[in-house]
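Reading through the structure tokens given below for one structure.
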Amino acid sequence: MNQLPPKKRILYGNANYKELVNENGYFVDKTAYIKELEPVKDPVFLRPRRFGKSLWCNILECYYDINQKDSFDTLFGQTYIGKNPTPMKNAYFVLHLDFSVIEPDRSIKSIENNFNQECNLCMDMILCLYKDWFQDKMIIDMNKSATSNLNAILYYIRKNKLPLLYVIIDEYDNFANQLVISDKTALYDELTGDDSFLKPFFKTLKKGRKDGSIANVFITGVLPITLDDLASGYNIADFLTLHPKFECMLGFTQTEVNQLLDVIYQDYDIDPVNRKEIEAVIKAHYNGYHFVEPLGESLYNS
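Take a look at the structure:
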């Protein structure tokens with residue numbers, strides 16, 4: 005007796021692409037945008053929350069990570085990019101930073117300590133994940149700034165002609181926005197001032213792009229003004245937020261929602277009698293976003 009394949013599942017709120025694949029989750033394939041995104045240098049993409057920014061960052065990490073080369077077919081075989089890979093797939097070390105976990109504390113020194121700790125831990129993980137290349141010949145000094153440790157990694161990569169670093173920064177503006185929302189304007193002013201610890205960090209990213217130790221930097225966030233404030237020295241960013249080509253990179257079009265519902269109804273043998281009612285509820289709660297063309301197709305969030 006042939007066993008039926010397990011039904012796909014809706015893994016709501018899951019931003020782990022590997023887990024989504026391994027646990028047979030429903031997935032709207034946006035990977036064609038990787039091909040469009042790859043030639044863009046230092047892209048910044050801004051969207052409100054619940055648009056899948058973190059999952060997209062994780063997809064990029066899996067795609068470019070040199071350690072995932074043997075898993076490429078498993079992770080991407082059924083996707084557009086799996087069938088049409090770009091030249092730089094699985095070519096880089098990936099440093100994936102998530103600024104949403106950095107606590108906006110009561111003093112600028114505490115925020116700086118939180119920032120350094122989180123970034124240093126991520127860089128320490130880089131040395132572990134890519135130990136075949138680093139060979140225990142360098143360490144991350146947790147007592148030093150994230151900027152200092154990043155400089156050391158970039159120097160080592162360049163000196164030893166290692167694979168380049170692909171940097172992903174998710175929710176770059178999260179802790180800064182929390183200061184604004186909490187009406188902590190004095191702290192925000194310190195965070196964005198000329199002496200802020202963030203400016204040297206972003207200048208180091210720019211330097212790494214210039215000297216060739218960083219292949220690219222992909223940044224997500226919510227508000228554009230914060231990047232200008234946080235990283236005035238990072239003047240290489242290419243904002244794709246309002247670029248027509250990338251308007252539908254995140255979020256779902258009506259066609260994508262319809263196709264997803266078709267599959268779910270078929271997989272679970274759901275009576276289509278209530279389909280119109282379900283569509284109306286989904287549209288009322290998740291539809292209505294326009295970012296580029298006011299009269300164009302609206303997008304659903306997730």
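So for the sequence shown, the working numbering puts the first residue at 5; every next one is plus one. Glycine included, C-beta positions come from ideal geometry on N, C-alpha and C.
Quick check on DSSP: helix, strand or coil for HIS100?
strand
Alpha carbon to alpha carbon, what distance is there between ALA150 and ASP109?
18 Å
To the nearest angstrom, how far is it from the Cα of GLN258 to the Cα of PRO248?
17 Å
Bridge partner(s) assigned by DSSP for LEU303:
The partner list for LEU303 (beta bridge, DSSP) reads TYR293.
Over the uninterrupted beta strand (DSSP E) stretch that includes PHE222, give me the two end residues.
218–225
For MET127 and PRO10, I'd like the C-alpha separation in whole angstroms.
Distance between the alpha carbons of MET127 and PRO10: 38 Å.
Euclidean distance between Cα positions of TYR290 and ASN305:
Straight-line measurement puts the Cα of ASN305 at about 5 Å from the Cα of TYR290.
Taking the beta strand (DSSP E) that PRO47 falls in, what are its first and last residues?
47–50
Element boundaries [alpha helix (DSSP H), containing VAL105]:
Taken as a continuous stretch (DSSP letters only), VAL105 belongs to no alpha helix (DSSP H), as it is neither H nor E.
Confirm the yes/no value for this check: CB of ASN178, any heavy atom of the ligand MN, distance under 7 Å.
Of ligands this structure carries none, so the ligand MN is not represented either.
Rounded to the nearest angstrom, what separates VAL221 and PHE205 at their Cα positions?
Computed Cα separation, rounded: 13 Å.
Which value, in whole angstroms, describes the spacing of the CA atoms of GLU297 and TYR68?
31 Å
Where the alpha helix (DSSP H) containing LEU154 begins and where it ends
Its alpha helix (DSSP H) spans residues 150–163.
What's the C-alpha gap between GLY197 and TYR176?
17 Å
Would a C-beta distance cut-off of 8 Å place GLU65 and VAL32 closer than the cut-off?
no
Extent of the continuous alpha helix (DSSP H) to which VAL261 belongs
258–271
Through-space distance from ILE286 to ILE70, alpha-carbon basis
39 Å
Cβ atoms of ALA241 and ASP46: under 8 Å apart, would you say?
Taking 8 Å as the Cβ cut-off, ASP46 and ALA241 qualify as a contacting pair.
Relative to the alpha-carbon of GLY255, which residue among ASN26, GLU42, VAL25 and LEU59 has its alpha-carbon at the smallest distance?
LEU59
Selected residue, minimal CA-CA separation from GLY29, among VAL48, ASP271 and PRO43
ASP271
Residue range of the alpha helix (DSSP H) that ILE185 falls in?
178–185
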